[in-house]
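Going line by line, the protein sequences match chains U and F. Throughout, my numbering is defined as the position within the first sequence, counted from one, plus 913. Throughout, my numbering is defined as the position within the second sequence, counted from one, plus 913.
2 protein chains.
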Amino acid sequence: MDAARHSYHHGDLRRALLEAGIALAREGGPEAVVLREATRRAGVVPNAAYRHFASRDALLQAVRAAALAALAVAMEKELARARKQPDVARASLRAIGIAYLRFADREPGLFRTAFSVTGDPETAGDPETAGRSGMNPFQLLGAALDQMVAAGALPAAQRPGAEYLAWSAVHGLAMLALEGPLRRMTRNQIQEIGRRVVAMVDKGL
Amino acid sequence: MDAARHSYHHGDLRRALLEAGIALAREGGPEAVVLREATRRAGVVPNAAYRHFASRDALLQAVRAAALAALAVAMEKELARARKQPDVARASLRAIGIAYLRFADREPGLFRTAFSVTGDPETAGDPETAGRSGMNPFQLLGAALDQMVAAGALPAAQRPGAEYLAWSAVHGLAMLALEGPLRRMTRNQIQEIGRRVVAMVDKGL
DNA sequence: TCCACGATGTCTACGCTGTCCACATGAACC
DNA sequence: GGTTCATGTGGACAGCGTAGACATCGTGGA
Chain U
914 MDAARHSYHH GDLRRALLEA GIALAREGGP EAVVLREATR RAGVVPNAAY
964 RHFASRDALL QAVRAAALAA LAVAMEKELA RARKQPDVAR ASLRAIGIAY
1014 LRFADREPGL FRTAFSVTGD PETAGDPETA GRSGMNPFQL LGAALDQMVA
1064 AGALPAAQRP GAEYLAWSAV HGLAMLALEG PLRRMTRNQI QEIGRRVVAM
1114 VDKGL
Chain F
914 MDAARHSYHH GDLRRALLEA GIALAREGGP EAVVLREATR RAGVVPNAAY
964 RHFASRDALL QAVRAAALAA LAVAMEKELA RARKQPDVAR ASLRAIGIAY
1014 LRFADREPGL FRTAFSVTGD PETAGDPETA GRSGMNPFQL LGAALDQMVA
1064 AGALPAAQRP GAEYLAWSAV HGLAMLALEG PLRRMTRNQI QEIGRRVVAM
1114 VDKGL
């Protein structure tokens, strides 16, 4: 990205800004996604950003979508491993939960960015939030639950809305671990609680 | 609070700033807690705030503590109602969950403020976060779970760490409803999901 | 009674932010 | 080869958090 520098036109500023934004989110979460800093890192004057994003919030939403896509990819990787196991359906649901918690642990900045909302994002169906499979994290969870029903591991009557229950439990834990009363716990303690939460969902659904 | 105005000294500026901060948090969540605006509402110059709060973040933390205390009070009210029911222990746990979700619904700004962390708050044991009973929301949940064990409704072996599981589920739902994919659902839909989440916890614990 | 002192509020100023407007540049197309 | 239009620049503004020096005032010791 330095080759094109020293020419008046950047070449691919939108991508450069987005990547700078992602890097900022990684380092410091959503509030660290600062328009001026992104332009600085892209080697460009602040206002240049407005040719590609309507506002700081528009940039943040783009970063947010990228963060969701990264989560989807992480889930897909974990799912691939689950496919080699007996009781694939259950293993897949567990894989989703584990991937979610692991992502929150390893990429706290991105995770917080993915789920922090200011204003009205309307991310439903945004293709930018999808992983390689074309599904976003929420859709991946839904698919895993469908598998459970197909495999007879979940009564069909319990299926509707089940993603909300599962998501709630795992998301809540992630938030508590990240910025709630669980913040000071060791990684192992949190993993243990994670296992219990996933088990609770499995049993309580 | 206008009587004391027109005198050089405000009289109770700390309280005035805190209350302005709470009002701001109510209206727009944590990011709306703006130091200058708080001083404006208190009828005072921006820097006056620094006699009472070391920084904007210190003010925000004070507001945060107040929000947690408000949640504790809401829980206590719901608990009082639960005490009149048969199976008090179970009713209490449900009451905690319901109060939590209702608070998130009715006071979204305060709720988001209570659980948004920037930096390192160290709220553990802060008496400012407690309700009338002297317990903060987390402690109230713990007490309800202890009751469950005492009543034989929860195996003692499951007790350690159970608050994290319960909290995770309800907190996650609240966040999803507030700023996640459930944002566009009707209040009734979310209440229904809330019932199911609480049931899942009860069953899955 | 007076006066010094410490606490509290004010004034001025700095660098940071997001954003608006007018202008410069240059790639692409007729 | 000249025009057009997307893209980057420059300068400006208001609002933010915050620092340092100064003003005001209630209070306690002489």
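Note that beta-carbon positions come from the ideal geometry of N, C-alpha and C, so glycine has one too.
Within-9 angstroms CB hit, residue i to chain U
i         : result
F:Val1110 : yes
F:Glu1041 : no
F:Met1048 : no
F:Val946  : no
F:Met1113 : yes
F:Met988  : no
F:Leu1086 : yes
F:Phe1028 : yes
F:Phe1024 : no
F:Glu1092 : yes
For residue i, the first and last residue of its enclosing alpha helix (DSSP H)
i         : result
U:Tyr1077 : 1075-1092
F:Asn1101 : 1100-1117
F:Met1061 : 1050-1063
U:Ala951  : 948-954
U:Glu1041 : Careful: U:Glu1041 lies outside any alpha helix (DSSP H) and carries neither H nor E.
U:Ala938  : 926-941
Residue i, DSSP secondary structure in three states
i         : result
U:Tyr921  : coil
F:Leu972  : helix
F:Asp1000 : coil
U:Asp1018 : helix
U:Arg1097 : coil
F:Pro1068 : coil
F:Val958  : coil
U:Phe1024 : helix
U:Gly1047 : coil
U:Ala967  : coil
F:Ser1029 : coil
F:Ala916  : Model confidence at F:Ala916 stands at a pLDDT of 37, short of 50, so the residue's coordinates are unreliable and nothing is read from them.
Chain F within 9 angstroms of residue i, Cβ atoms only
i         : result
U:Leu972  : no
U:Met1061 : no
U:Ser920  : no
U:Gly1117 : yes
U:Leu1058 : no
U:Glu940  : no
U:Leu1089 : yes
Cut-off 6 angstroms between Cβ atoms - residues of its own chain near residue i, not counting five sequence neighbours on either side
i         : result
F:Arg1072 : Val1062
F:Arg1007 : Val1111
U:Leu1093 : For clarity, residue 1093 of chain U is Gly in the given sequence; the question names Leu instead. The answer is none, since no qualifying residue turns up.
F:Arg1003 : Ala1066
F:Tyr1013 : Val1083
U:Val1114 : Ala1079, Ala1082
U:Gln1060 : Ala1002, Ser1005
Chain-order list of residues whose beta-carbon lies under 7 angstroms from that of residue i (same chain, five-residue window excluded)
i         : result
U:Pro1050 : Leu981, Leu984, Ala985, Met988
U:Leu948  : Pro959, Ala962, Arg969, Leu972
U:Ala933  : Ala951, Arg954, Ala955
F:Val957  : His923, Leu926
F:Glu940  : Gly1022
Same chain, Cβ closer than 8 angstroms to residue i, neighbours up to 5 away in sequence not counted
i         : result
F:Glu1076 : Phe1051, Leu1054, Gly1055, Leu1058
F:Ala936  : Arg954
F:Ala995  : Val1001, Ala1004, Ser1005, Arg1007, Ala1008
F:Phe1024 : Ala980, Leu984, Phe1016, Ala1017, Ala1087, Leu1091
Residues of the stretch 1065-1083 of chain F in Cβ contact with chain U at a cutoff of 8 angstroms, in chain order, please. Those would be Gly1074, Tyr1077, Leu1078, Trp1080, Ser1081, Ala1082, Val1083, in chain order.
If you measure beta-carbon to beta-carbon, which residues of the stretch 990-1020 of chain F are closer than 9 angstroms to chain U? Against chain U - using a Cβ distance shorter than 9 angstroms - the stretch 990-1020 of chain F contributes no residues.
Just by C-beta distance, which residues in the stretch 1094-1108 of chain F are closer than 7 angstroms to chain U? If the cut-off is 7 angstroms between Cβ atoms, the stretch 1094-1108 of chain F has Pro1094, Leu1095, Ile1106 near chain U.
Members of the stretch 952-973 of chain U that neighbour chain F once the beta carbon cut-off is set at 9 angstroms: Sequence-ordered contacts of the stretch 952-973 of chain U with chain F are nonexistent [C-beta pairs closer than 9 angstroms].
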